[in-house]
Amino acid sequence: DAKTTQPPSMDCAEGRAANLPCNHSTISGNEYVYWYRQIHSQGPQYIIHGLKNNETNEMASLIITEDRKSSTLILPHATLRDTAVYYCIVRVPSTGNQFYFGTGTSLTVIP
Amino acid sequence: DVKVTQSSRYLVKRTGEKVFLECVQDMDHENMFWYRQDPGLGLRLIYFSYDVKMKEKGDIPEGYSVSREKKERFSLILESASTNQTSMYLCASSPPGTSGRARYEQFFGPGTRLTVL
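So the protein sequences, as listed, match chains P and D.
Residue numbering for the first sequence follows our numbering, beginning at 36 and increasing consecutively.
Residue numbering for the second sequence follows our numbering, beginning at 5 and increasing consecutively.
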C-alpha cells in the first residue's frame, strides 16, 4: 500500500509559486517526509525534508500540517527548469531507512 | 560530489537471458539500493544492502537477485529475463541513517533503461 498520495500532474505559470500537495495519512511519529525531484533522463535529486516543523532551504519550503497527515512543497518562484516529476517520500527509520516513494506529480512550468 | 554510476544507460536483452546491472558509488557509503521505475507506479524498491555481503528484500524482489562483494559495488541480477522486467532501473547509495534531524539523503545514479524482447 502506498504511504503517500500525490496528484499525477500540475501546471504552474513561470514566476509564480508552485504548491505541490501530498497526503500521507498513515505516517507514524518517527517517519520523515522527504521530497525529491526527477528531471527527464536523470536520477531523482533531494530537495528538502521535515518531521513536523515547517522547513525552508534555498530550493523550496515544506509545510507539514499539524496532524502530519499531509504536506505541501512550495517552489516560491517557479522557472522553466523546475519542470520535473516531484516525489513525496516517507522515510521509515525502523526498516533500515527505506524510502517509500509516491507515484509523483509531473509539474509543468508554463512560460 | 557524490557519484553513483551505472554500467549502461540503455540495454536490450532477450527473454531468458541472464542480465547483470552494475552500480558503483565513490563515497564509501554503507547503504545501496536498487529500484525500478514504471509509469504510474513511481519508484519501487527491489533490494537493498547495509554492508558488504548483506542484502535485504524490498517490496518487489521476485525475479531478481543481488550481489555485494565490495562496498562500492552493488549488482542487480535478472536470472532469466522476462518481458515484464522491461523497465528503468535506478541505483542509489547513502551513508548510515540517523534517527535524528540530520539530513539523510539517497544519491541516485542516472538509471539503466532495460528492454527485454
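C-beta atoms are modelled at their ideal positions from N, C-alpha and C, and glycine is treated no differently.
By a C-beta neighbour count over all protein chains shown, 10 Å radius and 16 as the cutoff for buried, is residue i buried or exposed?
| i | result |
| --- | --- |
| Gln-41(P) | buried |
| Gly-85(P) | buried |
| Ser-98(D) | buried |
| Glu-91(P) | Residue identity differs from the one stated: residue 91(P) is Thr in this sequence, not Glu. Exposed, by the Cβ-count rule. |
| Pro-79(P) | buried |
| Asn-89(P) | exposed |
| Tyr-14(D) | exposed |
| Val-68(P) | buried |
| Asn-132(P) | buried |
| Val-70(D) | buried |
| Arg-18(D) | exposed |
| Gln-41(D) | buried |
| Ala-95(P) | buried |
| Ala-48(P) | exposed |
Cβ atoms of residue j and residue i: under 7 Å apart, would you say?
| i | j | result |
| --- | --- | --- |
| Leu-55(P) | Thr-140(P) | yes |
| Gly-113(D) | Val-16(D) | no |
| Lys-38(P) | Tyr-135(P) | yes |
| Ser-86(D) | Arg-72(D) | no |
| Asp-46(P) | Thr-118(P) | no |
| Leu-115(P) | Trp-70(P) | no |
| Asp-63(D) | Leu-49(D) | yes |
| Ile-62(P) | Val-127(P) | no |
| Leu-207(P) | Ile-83(P) | This structure cannot speak to residue 207(P), because chain P is shown only from 36 to 146. |
| Ile-111(P) | Ala-52(P) | Note that residue 111(P) is Pro in the sequence shown here, rather than Ile. Yes, these two residues count as a Cβ contact at 7 Å. |
| Tyr-93(D) | Leu-121(D) | no |
| Leu-47(D) | Thr-116(D) | no |
With respect to 6 Å, is the separation between the Cβ of residue i and the closest non-hydrogen atom of the ligand GTP below this value?
| i | result |
| --- | --- |
| Gly-50(P) | With respect to small molecules bound, the structure shown includes none, and the ligand GTP cannot be examined in it. |
Whose CA, out of the options, lies closest to the CA of residue i?
| i | options | result |
| --- | --- | --- |
| Thr-90(D) | Ser-97(D), Leu-82(D) and Ala-96(D) | Leu-82(D) |
| Lys-87(P) | Met-94(P), Pro-128(P) and Glu-101(P) | Glu-101(P) |
| Lys-22(D) | Ser-79(D), Cys-95(D) and Pro-100(D) | Ser-79(D) |
| Gln-29(D) | Ser-11(D), Lys-61(D), Tyr-51(D) and Arg-117(D) | Ser-11(D) |
| His-159(P) | Ser-105(P), Pro-111(P) and Arg-72(P) | Limits of chain P in this structure are 36 at one end and 146 at the other, which puts residue 159(P) out of reach. |
| Glu-109(D) | Asn-35(D), Cys-27(D) and Arg-18(D) | Asn-35(D) |
| Tyr-68(D) | Asp-32(D), Ala-96(D), Tyr-39(D) and Lys-75(D) | Tyr-39(D) |
| Met-58(D) | Phe-37(D), Pro-43(D), Asp-42(D) and Arg-18(D) | Phe-37(D) |
| Ile-99(P) | Ser-44(P), Pro-43(P), Cys-57(P) and Glu-49(P) | Cys-57(P) |
| Val-56(D) | Pro-65(D), Lys-75(D) and Glu-66(D) | Lys-75(D) |
| Ser-44(P) | Cys-95(D), Ala-96(D) and Pro-43(D) | Pro-43(D) |
| Asn-65(P) | Cys-123(P), Arg-103(P) and Ala-113(P) | Arg-103(P) |
When DSSP labels each residue in this structure, what does residue i get in the three-state scheme?
| i | result |
| --- | --- |
| Leu-115(P) | helix |
| Gln-10(D) | strand |
| Thr-100(P) | coil |
| Thr-90(D) | coil |
| Pro-65(D) | coil |
| Pro-56(P) | strand |
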